[in-house]
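Under UniProt numbering, the sequence shown is numbered contiguously, ending at residue 1220.
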Amino acid sequence: MHASRIRDLVSKGSYEEAILCALQYKERYPQFSGYADLIVQLCGSRTYRQTTPARAPNVTGSIPALHRTSNLDVSQRNLYIYVEHTVSCPVNTGIQRVVRRLSDALLKSGEQVSFVKWDPSAKALCLLNQDEVAYLGNWNGPQLSPSDIAEYPAPDEGIRHLPRHTPDDGCWLIVPEVTHITFQPEPMTLPVIGAGQRSGLRTAFIFYDATPLRRPELTDMADAHAMYMQQLMLADLVLPISHWVSADLSAYLRLALSAKRGPGPHIEALPLPGESHLTPRVRVCEQQQEPSEPYFLSVGSILPHKNQIALVQAFERYCLDNPSTAWRLLLVGNIHGELHAQLMEIIQRNNRIQFLGDVDDEQLVQLYSDAAFTAFPSVIEGFGLPILESLWFGKPCLCADFGAMAEVAHGGGCLGVDTKDAKALFRGMVALIEDRSLREELASQARARHIDTWHGYAGRLKTMLTEQSSSLAHIGVIYYVIDQTAHHEGNTGIQRVTRSLARALLELGAHLVPACWSCERQTLEPASDVDLAHLEKWNGPLRRLWAPWKPLDSSGPFDWMVVAEVTHLQTQQMIDFALSKALRCAWIFHDAIPWKLTDMYPPEASEAHRDYMLALNRAHKVFATSYYTCNDLTSFLTRQAVRVGEIHKRLVSCVLPGEFSGMPRVSEPKVSHQKSPVRILCVGTVEPRKNHERLLKAMHLALLETKVPFEITLVGGAPFADLAERVQLLVDTLPGAQWLKGIGDSELQQLYRSADFTVYPSIEEGFGLPILESLWNAKPCLCGDFGAMREVAEGGGCMMVDVRDVQQIANSICKLVDYPEVLARLGDEAVARQFKTWKEYGKEVLHHLASERHYVADIGTPSAITTPTQLYAQMPNLSRGPLLSICISTFNREAWLSINLKNLVRLLPQPLPEIELLVCDNTSTDNTPEIVQPYLGRSDFRYERNSENVGMLGNLKVTANHARGQYIWILGDDDLVLPGTIERLLDILSTHKGTSLVYLNYAYTRNDKAEEVQDLDKFLGEASPIGPVGPDKAGTVRDMCAMSENFFTAIYCLIFRRDHALRAYSQNTSGQPFSTMLSCIPTTYHVLHHMMDEPAYWMGQPQLVVNLNVSWMKYAPLWILERLPEAFDVAERYGGNPSQIDCWRVNLIPSILHFLNEILDSDPEGNAQHVSLQRLINRFKHLPEFQAAIPSLSSVYLRAQEARHPLATFSADELFASFQ
């Protein structure tokens, strides 16, 4: 009744009544409180009222299935929950219980939830089928409506895979299962994370405990669990179920993997809720007499670490001491096989102890209700849910006073003892048996304390997902410059941008500090209260929202200076200041107009704007207000003989929004009356580029060509006296024309309301805001068909024309005046247009600020385990790996593999405890298994063969994860280690502890015929060093990045510390080969983005011989023209020495000319689509050696232009202007 009533009220727009009905529904059906809360939230939301005025939530019967209904924001994130094991598991274990209750709570909270599993055939995530969805709903799992179930395939239908998202969508894959516990043939942690990455999802794992590493009875699963914990390092977010568990995971990552800092994961404890599905929370004590045979209860699987045997023995002792006692001990739960005989023997001796096994829910409720107290004697838990379940029933609990149990017990209602100490356990039990006042006090605490619900838990999890998705997670303080706007008496376009962006950023939660630039002191200073009061005008940001001033000396790598104003002569000084304070800086670039229209602006204005545009080349980010202005600035900088580097990365199009804050949008177009004259409005300052003279001349022509009367009103100031005089003359001689030079906002709005359409005849704009203002007011607009005006107008509601042609303007005016149906169509288009909001624009700006570079942070939370010795003592099942894993990744190269293994064995005639040798075979079909056979008897040798081919880059991931060493060195099968290298490596790793990367110089050969290698020493001795040979060097990765032309691209010269090896080789490398750094050189991507501050060691003498005959020559043009130059740019962005990097740029120039000729001549692989010649020239044009090659380059380019090659789209004059 309530559900249908709510639906009817919402459909009628009776939101207040719907809220009242929802609250009554919540009181009557507490199990659907999440649904009721959602109705209250939606009906009270302004967004809901605006977006769904006439549609009700999908309420069918009493099932609260709101997770996919149309009333929710279509841009809302998707949450995918991985339930692979749960929907195949015949019982409902503790983990399955979490999976089901969390799924139910998230679904009821209004999130868009989909339940997924693994598709082994496609190696991808897919939706459950309908039978699996139904099974998931058992044991208080999520209940879906028939329409929602229909979104999942029937069991006999095909598999439905996940859609592709982008990380910006904020979508998540939530994994509440332990992924090495699976019915799949392989542990699922790596596959699930990889599939999530390929689908554009962030991954969040719930982590339960490290118990298998601590308990002797769990030794058999310790290695698998350690591997699972290791691979959690690749997730985005890990949510341990208690702070104690969080400390365990953090200690493992920091001490076993040396993963103290990195790009992730974010680890934050999210303690489980204690809500029981069995009964509503017990808050009131039912007064009753002590039963004649009181009992206490112990609930939970009977396992060695749960310690029930110690509890039973303690109670047996109590019975011996008190033979007439009426007390009983009742045990509920499954019993572990090895404990069964021992427990049964005790029970046979003492009939006061009863083992009830599994009981149904109704019986369990009765057992809890009648118990005097409960006992949970476990010695190790990830959380201790039975403790909270006891407290939920208002029953005191005897439990451990350490670990996660103490954490759970902290809120009251528990008696904590050292459960590992039999005497302490006995004393605690006796105290609760014999001291009724103690029991009553603890029961009172239990009833009064807070216990979280699944609704609350889901809410906190959602908040964490939002925080980790937000760009603000990687942005600190933003010093926002407002001094021009704070002193400008009007609200021009630039001032409107400054105000609206500030308001949006503040509303999005940015830490925005208002600042003014002092030209006198060359510094940023706090904005005054007077400044902020003025900024608040015209719907500007509220003064109270600004963050307080933060001293600039304390700025950090996350902090920014953002400038939305045009700073002209101050720009260089402001950037110098920002760099001196380690601030990153960003500008909004509005237009290049004063530089482009030199005939309309005085020379000094054009030169000042030129200098301003040049200065922006030094900013970390420049946000162009349109694609047009972005192209203008890019073209300008391309033409300048200055170093611009990766300007394509720093300069981005961030198109302004069409929303006019503080001005209600007009949703209905004006209905014109035939008897009334057509009213035309033109808003804008009267200046030369606004083109008013041509417009008015066109009006004179139109007056002669149409019989329909029309009027025109010009609105705007006149800063140019001579132009004002000419315009006034044209207005005076045009019937029905008027020019209003100074009117307020209300008068302007009245003019918009009465107008039939507007004209915006400007010949040059950076954006064209008045066009959007016209459409916002439901007025069609006549405007230019070129430049930024066309970009704004193409969405509909505009008639575009060449406004430089008077006759074309006149013809268009006649068409709009003479044909009401044309005007009506454009009016409909105007009101139908979707405009970007200022909040959306603010999010875009924050995204670009956050992604300017990758940041590393401390990993994990503090732990009492601070040394490796403590870690291995606390986790005795954790295996210690060797110091170094020397690995060979191979596929169908038996001859080279044979040589490589013979070489390694001659260098290591006897196994060393510090080293393991690992061959990872990517399902070779040749004699590789026979080649490795003789080495399998070595204690230091392992051979791993994949069940299927995972590709070249995929096998590197598999190899790194199989390796057990503290350091991991992966070789190709034809990469041969030189004598003495291994001994020097061991010495370096021992003396430079904590080094993140050892970077090797190497020699090369081009002989790819293994059968010709008869004399190994001779073969190695004939190899040529790849680059300069010199001494070793210790420092940071930043110091080492230009030591070789390699730039970390080749695996064989990289010896990673374990944490970095796992990250470097486990990235998402999907996509066309060589089209991105990740699909080509993932090691370079990881090192340059995440390791530049890490300690490293360079071995200056060649340490191995590699074969430069590669299998990927078909992608060589992309490698030379894009990927290596990109690596140089990224190295420089993260602090690499520019002059040293330039040496390698110079070294690349001959190859650039060669492969440019090749790609322009023949491109069978389609590499050209990923190449930009403008980008290439901007990267290299500062080099004299490149300048010397321009005649050859331009000759090649002109030939390509004649052949109409798709790469040769720019005019040669523009592309090579900086060299003239």
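For every residue, glycine included, the Cβ atom is placed at its ideal position computed from N, Cα and C.
Secondary-structure assignment with DSSP links Y480 through a beta bridge to P514 and V562. D209 counts as buried, since no fewer than 16 other beta carbons sit within 10 angstroms of its beta carbon.
Along the length of the segment 143-202, whole alpha helix (DSSP H) runs at least 4 residues long occupy 146-149 and 189-198, reported in chain order. Within the UniProt domain "Glycosyltransferase 2-like" (885-1010), the runs of alpha helix (DSSP H) that reach at least 4 residues and sit entirely inside it are, in chain order, 894-907, 928-932, 952-962 and 981-991. In this structure, DSSP gives Y135 a helical state, which the three-state scheme calls helix. By DSSP's assignment, C783 forms a beta bridge with Y760 and M800.
It is roughly 6 Å from the alpha-carbon of H474 to the alpha-carbon of F558. Beta bridge pairing from DSSP links R825 with no other residue.
T959 is positioned such that its CB atom lies no closer than 7 Å to that of Q1103. Per DSSP, the continuous beta strand (DSSP E) segment holding F115 begins and ends at Q112 to D119.
Counting only runs of 4 or more residues that sit fully inside the segment 574-617, the alpha helix (DSSP H) segments are 593-596 and 603-616, in chain order. P868 places its beta carbon 7 Å or farther from that of I915. Assigned with DSSP and collapsed to three states, D1163 falls in coil, not helix or strand. As a beta-bridge residue in DSSP terms, T374 pairs with L297 and C397. If you compare the alpha carbons of P263, G1166, H340 and L1207 with that of Q1174, the shortest gap goes to L1207. In the three-state scheme derived from DSSP, where H, G and I count as helix and E and B as strand, T625 is classed as coil.
Looking at R853, L769 and S301, the one whose alpha-carbon comes closest to that of V91 is S301.
Distance from the CA of A341 to the CA of I353, rounded to the nearest whole angstrom, comes to 15 Å. In this structure, the alpha-carbon of Q750 lies about 21 Å from that of P709. Spanning the alpha carbons of F296 and G357 requires a straight line of approximately 15 Å. Contact between A409 and V245 does not hold, since the beta-carbon distance rounds to 15 Å and is not under 8 Å. A direct Cα-to-Cα measurement between D1129 and W1119 gives close to 14 Å. For F891 and D1093, the gap between their C-alpha atoms comes out near 35 Å. A222: member of the alpha helix (DSSP H) spanning A222 to Q231, first to last residue.
Residue pairing from DSSP places S653 in a beta bridge opposite A624. Cβ-Cβ separation between P780 and G827: approximately 6 Å, consistent with a contact (criterion under 8 Å). A straight-line Cα-Cα distance of about 37 Å links L1020 and L1176. In the DSSP secondary-structure assignment, S1024 is bridged to Y1004. DSSP places G333 outside any alpha helix (DSSP H), giving it a letter other than H or E.
About 14 Å separates the beta carbon of A592 from that of F623, a gap too long to meet the 8 Å contact definition. In the three-state scheme derived from DSSP, where H, G and I count as helix and E and B as strand, F1048 is classed as coil. Here T1036 is bridged, per DSSP, to P1095. DSSP places I95 in the uninterrupted alpha helix (DSSP H) bounded by G94 to K108. By the Cβ criterion, the segment 944-955 is not in contact with the segment 987-1003, since fewer than three pairs of Cβ atoms, one from each stretch, lie closer than 8 Å.
In the three-state scheme derived from DSSP, where H, G and I count as helix and E and B as strand, Y819 is classed as coil.
Taking a cut-off of 8 Å on C-beta distances, the segment 960-972 does not touch the segment 1017-1036, as fewer than three cross pairs fall below it.
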